[in-house]
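**Q** Chains as they are written, first to last, in UniProt numbering: chain A, 1 to 326; chain B, 1 to 128. All residues carry an ideal CB built from backbone N, CA and C; glycine is no exception.
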Amino acid sequence: KDKSAASKDSTPEGAAKRQEDGAETPKQQLSDIIGNMKVEVSYRKKLQQLKTRENKKQAINKLESLDSEGSVPQGTTEDTQRSKPLNPELVKAASAVASSLPHNKKQTESELLAQLRRHEETTDKQKKGGTVNIRNVISEMTVKRQSPAQRGARISGRISLQLDEDGQRIRPERSSARSIDSRRSLKVGKRLNIFTKASTEPEHTLKTVSPPTIWDLEFAKEVAAVTAQPPRNGFEEMIQWTKEGILWEYPIDNEVGMEDDAEFHEHIFLEKHLEGFPKEGPIRHFMELVICGLSKNPYISVKQKVEHIEWFQKYFEEKKELLQEI
Amino acid sequence: MAAAALCWALRAARQVLPSPCPRQVRSYYVDWRMLRDVKRRKTAYEHADERLRINAIRKNSILPKELQEVADKEIAALPRDSCPVRIRNRCVLTSRSRGVKRRWRLSRIVFRHFADHAQMSGVQRAMW
């Protein structure tokens, strides 16, 4: 490994020498050739190392596929992986590789075993993280299928343009295909949420975990107390107040708490809620006045208006016997 | 998994004030009269909608009088603290019931104290 380090140092120097000297002397050419030879030797060693790593990785994958039942409950923490002993086959392979290389056997063996552990950790991380990325990538890709409408358009295009020259027949089909594809690809796929507020979908997947224990809460409180330094200036103080809710967010949004998504016609035309009442009589007269008043009220939400009307409905139904006596 | 639980716990723990920057927190009301006023405000808020609707039935010339009499009895049956007339705008700091300016919710003495120490924004001694 020292020779490979030395060769690495010599290669940039050799490259610098080549760049600087336009006309090289034969001595420099010889030194360059020797430098290239050193590079080749170190590259051979790198290949050997790569091959051994691949063999080990294959062995690891085989063993992990066999031991996956046992290793799953161990979790993601690194402590458990270090305490987990390496498999004897891998140890034997490491010792064989160490004996094959011409340096100190014990040093190389320990270094190879350390590399093995690192590879196990990375493969575990990749297994948990890498598959998700691939799934995301594949989900965005869709299979191209010709819809019958598109087929009809293309056929009709072909039929109408058969009278024209051959060159003009091909172009509109291509452009129509491209425009249709661009139309499809614009609205398909994950939103980047640059211009709109982000949805809270990914947070729901995390909430299915069991509620945190008291020790987790205490630890979290300790962490918060340690990391929360007192504000260094007025800006940080104002930021802290905004987070706590003491200070409003600027520019002031007049509709912070309200999220009334109803259209104006839902506020004004409330006669459809009057179906439970009798069609004639003083009650109907009274309720029409109530609705007239509600339609002019801009401060209540549609839900509250509907609740208002439903309360009256309940009230008059309870008093039905009394009303019939009258 | 543990990281997600930690995040949830951190969000819950943020409600607790961190120790390095303590702020004065009032944990008691000034006196019992203030407490009673607070209770009255709470019950008035809870029964406000009902009172409005029953009063709409009562103060009416269209509905029959028997209905209005029944509504009278119903509104009298509600708790006495639920009517807004019983609320008194007391001073927030001293619980003084008289001499309270509505804009600042403070009694005249406290208002004068803060204004003289330049702790009231936009308030100046009048001179003309």
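Please identify the residue among G281(A), K303(A), H308(A) whose C-alpha is closest to the C-alpha of I291(A).
**A** H308(A)
**Q** Does the beta carbon of V290(A) come closer than 9 angstroms to any beta carbon on chain B?
**A** yes
**Q** Examine chain B for any beta-carbon lying closer than 9 angstroms to the beta-carbon of L322(A), and answer yes or no.
**A** yes
**Q** Reducing DSSP to helix, strand and coil, say where S95(B) ends up.
**A** coil
**Q** By the three-class DSSP mapping on this structure, what secondary structure does D106(B) have?
**A** Checking the displayed sequence, the identity of residue 106(B) turns out to be Leu instead of Asp. Correct three-state label for L106(B): strand.
**Q** Could you tell me the distance, in whole angstroms, from the CA atom of E317(A) to the CA atom of L323(A)?
**A** 9 angstroms
**Q** By DSSP, does V188(A) sit in helix, in strand, or in coil?
**A** In the structure shown, V188(A) falls within a coil segment according to DSSP collapsed to helix, strand and coil.
**Q** Can you name the residues of chain B whose CB is closer than 9 angstroms to the CB of W311(A)?
**A** D49, E50, R53
**Q** With distance defined between alpha-carbon atoms, name the residue in V30(B), D116(B), Y29(B), V38(B) nearest to K82(B).
**A** Correcting the residue type first, residue 82(B) is Ser in the shown sequence and not Lys. If we check each option's Cα against that of S82(B), V38(B) comes out closest.
**Q** Which term fits K320(A), buried or exposed, when burial requires 16 or more other beta carbons within 10 angstroms of its beta carbon?
**A** exposed
**Q** Report the option in N55(B), T94(B), Q119(B) whose CA atom is closest to the CA atom of L78(B).
**A** N55(B)
**Q** Taking C-beta pairs closer than 9 angstroms, name the residues in chain A that L78(B) reaches, listed in chain order.
**A** Neighbours of L78(B) in chain A, taken as residues at a C-beta separation under 9 angstroms, are lacking, since the least C-beta distance is about 14 angstroms.
**Q** What number of angstroms, rounded off, separates the C-alpha of E310(A) from the C-alpha of K125(A)?
**A** 57 angstroms
**Q** Within the region 39 to 97 of chain B, note down every full alpha helix (DSSP H) run reaching 4 residues or more, in order along the chain.
**A** 65 to 77
**Q** At least one CB of chain A closer than 9 angstroms to the CB of P64(B): is that the case?
**A** yes
**Q** Helix, strand or coil: which one does DSSP assign to Q162(A)?
**A** Any answer about Q162(A) is weak, because its pLDDT of 47 lies below 50 and its placement is not dependable; what the coordinates show is given next. DSSP places Q162(A) in coil when its eight states are reduced to three.
**Q** Under the rule that 16 or more other beta-carbon atoms within 10 Å means buried, what is E236(A), buried or exposed?
**A** With fewer than 16 other Cβ atoms within 10 Å, it is exposed.
**Q** Count Cβ pairs between the region 279 to 289 of chain A and the region 245 to 265 of chain A that sit closer than 8 angstroms; are there 3 or more?
**A** The region 279 to 289 of chain A vs the region 245 to 265 of chain A: no contact.
**Q** Out of D260(A), T122(A), F264(A), V91(A), state which residue places its alpha-carbon closest to the alpha-carbon of S110(A).
**A** V91(A)
**Q** Could you please tell me which residues of the region 266 to 293 of chain A, in chain order, have their CB closer than 8 angstroms to any CB of chain B?
**A** P282, I283, H285, F286, L289, V290
**Q** Per DSSP, what kind of secondary structure is K221(A) in: helix, strand or coil?
**A** helix
**Q** Excluding the five sequence neighbours on either side, which residues of its own chain have a C-beta within less than 7 angstroms of the C-beta of Y315(A), listed in chain order?
**A** none
**Q** To the nearest angstrom, how far is the alpha carbon of E54(A) from that of K190(A)?
**A** 36 angstroms
**Q** What span of residues does the alpha helix (DSSP H) with T242(A) cover, start to end?
**A** Taken as a continuous stretch (DSSP letters only), the alpha helix (DSSP H) holding T242(A) covers 234 to 244.
**Q** Identify, in the order they occur along the chain, each residue of the same chain with its Cβ nearer than 8 angstroms to the Cβ of T242(A), setting aside the five sequence neighbours on each side.
**A** W248, E249
**Q** Strictly below 8 angstroms CB to CB, what residues from chain A border residue 174(B)?
**A** This structure cannot settle anything about residue 174(B), because the visible part of chain B is limited to 1 through 128.
**Q** Answer yes or no: does any C-beta atom of chain B fall closer than 9 angstroms to that of H308(A)?
**A** yes
**Q** Just checking: is the beta-carbon of I194(A) within a distance shorter than 9 angstroms of some beta-carbon in chain B?
**A** no
**Q** Run through DSSP, which three-state label would V100(B) get?
**A** V100(B): strand per DSSP, three-state reduction.
**Q** Could you give the distance in angstroms between the alpha-carbon of L294(A) and the alpha-carbon of H267(A)?
**A** 8 angstroms
**Q** Taking 9 angstroms as the CB-CB limit, is N89(B) close to chain A?
**A** no
**Q** Is there contact between the region 50 to 66 of chain B and the region 108 to 126 of chain B, where contact requires at least three CB pairs shorter than 8 angstroms?
**A** no
**Q** Should I326(A) be flagged as near chain B, meaning a C-beta pair shorter than 9 angstroms?
**A** yes
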